[in-house]
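Presented below is the structure to which this report refers.
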Ligand code: WT7
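In UniProt numbering, the protein residues as written are 1 to 648.
Written out as structure tokens, the structure reads:
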């Protein structure tokens, strides 16, 4: 077994030793009130809490509250409380898509900008509890928009800028959001993204569905000409002029909502994951400090987009709550060339770098010289997140990028968990390439078999968490029943993650991937049901089944089986049309990689599609199809195998 032991240099710098980890962990699970009561004080409370944990995973009564009688404001914690000590320190270090563009925003400037945007929102009638949707490129104003919402107690819902107008409309409508903050255009890899145009279309679609957006606040990024609706649209640079740079933070209850973030599940439309104020902030800040072994003065860079939870917890809230300098990158890893990440690390002397396995694999393919021509001497900790990392990519990251000087933290978590749950701690945890290693404080993972029986010791099974932690989601926005149904009903009394995992002889955790109908494409989570529903909304499609298959760079690719309407002829042109249609319905991230026209899909006699078989065929592993005797028409399988799109 390949184990990389903690090096003395890592130990020397680390805040916690392995003994600390073990002692802290034990206390966190034996005495959560004592442990979190102490660590809950890491943030500033307007009214200190007297209660710590009050949580129930009991069937019919899923109820999660942390620090419930305390009050605080997240923006004040991320900005105001740092002003005395580090007002002139850079809070956000912004690196543009174009390497010649970058800027540093100090905590004092961040305070002024956030207050101005908060006042601009107030001027348009936004108040505590209102939903503000944010559809932005990776520019500082995206962070201002999140923090401005938090400052006035509005609930933000950030929608990734790569989503289509349809997808944005569904989220505007779902959250009944009266306000949308966007930009004229985004800029990525030298190309523009028509955000305002998309936003306009989304508003039209939402209006037809019965929800009219009242204000669209538009940040000028590229200066492009954009369509304008006088009664609804407001330029940020104009509103900013009129807005005061002083806006007192709203006093929020610990359990008041902070944000909604839509994410895909195995069924139905994306769910609005709701996170609240106190527990989320404590957990984001604490994990950021210990998982990355963050020290005062470190330059920290997470390459995620603020449209995903990683951007929320580990670009904005965790780092800023800790008074860090957080680097925000507008661009992509391969523009102007595949050396960009490493050049940015040198340019800004980045100490902590956090990215996704898909990016690592892509850059690994670009050749070592793209890396080795840069210095990277500033690096101290390297992190990964989003999908299982294969040992080959792990080793490349460790040896070529980190030159064996930096530990790798493979961090497992989810939109729902708010922050990192399983991870090494630098300087404390011996590493095994491909393993997320051990649970963070307060996290109790458990494997169960398909009947829900707990598996102890060395085992493989379905990954559950048996008790609450402060960063956990509290509900699905507007649908608490679905919250219970989705996460607590498969294995009663436990939170089910949807992931499979193994636990080894050292108690190390290995995440094996989703066991439900969710796929992970380049670290982007997608419900196969969503792609299917996009496909069947095309007039020529009668039925569709979508599965994932192993993809060298993306982790998983999207494989679609499509049955056409009577009289429709399969063709390459139609495949292209269907790809374009899915991009239009969901966004480019959902582009099908393979489409196979199928005269029929394998179904049981009761009409259920047998996805197990479809997955095997997509993997080109049809020698192992298993039992097909329960199929209504076993012959359809022969046709699928014969016309499969993937051949090894
Ligand atoms: C799913 C959650 C949370 C940040 C980004 C993704 C997979 C995430 C790892 C990891 C293996 C991982 C899981 C999880 N995943 N990190 N380190 N090792 N798998 O958030 O979109 O909510 O997706 O991503 O399958 O369930 P998300």
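All C-beta atoms in this analysis are idealised placements derived from N, C-alpha and C, irrespective of residue type, glycine included. What you are looking at is a predicted structure, and each value in this text was computed from that prediction instead of being measured.
One thing to note: residue 134 has its Cβ within 8 Å of the Cβ of residue 158.
If you draw a 10 Å sphere on the C-beta of residue 349, you find fewer than 16 other C-beta atoms in it, and that means exposed.
Just measuring C-alpha positions, the residue of 261, 37 and 68 sitting nearest residue 132 is 261. Cα atoms of residue 419 and residue 280: separation of roughly 8 Å, rounded to the nearest angstrom. With respect to the 8 Å criterion, residue 175 and residue 152 are not classified as neighbours on the basis of their beta carbons.
When DSSP states are grouped into helix, strand and coil, residue 246 belongs to the coil group.
In summary, residue 73 is buried, with 16 or more beta-carbon neighbours lying within 10 Å of its beta-carbon over all protein chains present.
Inter-segment contact for the stretch 287-297 and the stretch 5-19 is present: three or more beta-carbon pairs are separated by less than 8 Å. At a threshold of 7 Å, residue 446 does not count as near the ligand WT7, since its beta carbon sits no closer than that to any of the ligand's heavy atoms. Here DSSP, grouped into helix, strand and coil, assigns residue 57 to strand. Secondary structure in the stretch 468-543: the beta strand (DSSP E) runs of 3 residues or longer, each lying completely within the stretch, are 495-503, 509-514, 518-521 and 524-527 in chain order. Assignment of beta-bridge partners to residue 286 by DSSP yields no partner. Within the same chain, 116 come within 6 Å of residue 240 by CB-CB distance, once the 5 residues on both sides are set aside. Residue range 155-158 is occupied by the beta strand (DSSP E) that includes residue 156. In the same chain as residue 597, and ignoring 5 residues on each side of it, the C-beta atoms closer than 7 Å to its own belong to 562, 564 and 570, in chain order. For residue 254 against residue 49, the beta-carbon gap comes to about 6 Å, under 8 Å, which counts as contact. Under the DSSP assignment, residue 275 falls in the beta strand (DSSP E) whose first and last residues are 271-276. When secondary structure is reduced to three states using DSSP, residue 95 falls in the strand class. Beta-bridge pairing by DSSP links residue 102 to 95.
Shortest gap from the CB of residue 511 to any heavy atom of the ligand WT7: under 7 Å. With a threshold of 16 other beta carbon atoms within 10 Å, residue 264 meets it and is buried. Counting only runs that start and end inside the stretch 141-190, the beta strand (DSSP E) elements of at least 3 residues fall at 155-158, 179-183 and 186-188.
Assigned with DSSP and collapsed to three states, residue 317 falls in helix. Shortest Cα-Cα distance from residue 68 to any of 99, 619, 55 and 610 involves 55. Measuring C-alpha to C-alpha distances from residue 154 to each of 395, 125, 266 and 4 identifies 125 as the nearest.
By the CB criterion at 8 Å, residue 486 and residue 501 fall outside the cutoff. Put simply, the backbone Cα of residue 196 is about 8 Å away from that of residue 227.
Inter-residue distance for residue 266 and residue 533 is about 12 Å (C-alpha atoms, whole angstroms). A direct Cα-to-Cα measurement between residue 44 and residue 212 gives close to 38 Å.
The C-beta separation of residue 520 from residue 555 comes to about 6 Å, placing the pair in contact by the 8 Å criterion. For residue 472, the shortest C-beta to heavy atom distance toward the ligand WT7 is 7 Å or greater. For the stretch 203-271, the full-length beta strand (DSSP E) segments reaching 3 residues or more read 215-219, 233-235 and 257-263 along the chain.
Relative to residue 95, the option among 138, 81 and 60 whose CA is nearest is 138. In its chain, beyond the 5 residues on either side, 458 have a beta carbon closer than 7 Å to the beta carbon of residue 505. Rounded to the nearest whole angstrom, the CA to CA distance from residue 18 to residue 413 is 22 Å. Counting C-beta pairs with one atom in each stretch, the stretch 602-617 and the stretch 584-591 have fewer than three that are closer than 8 Å, which means they do not touch.
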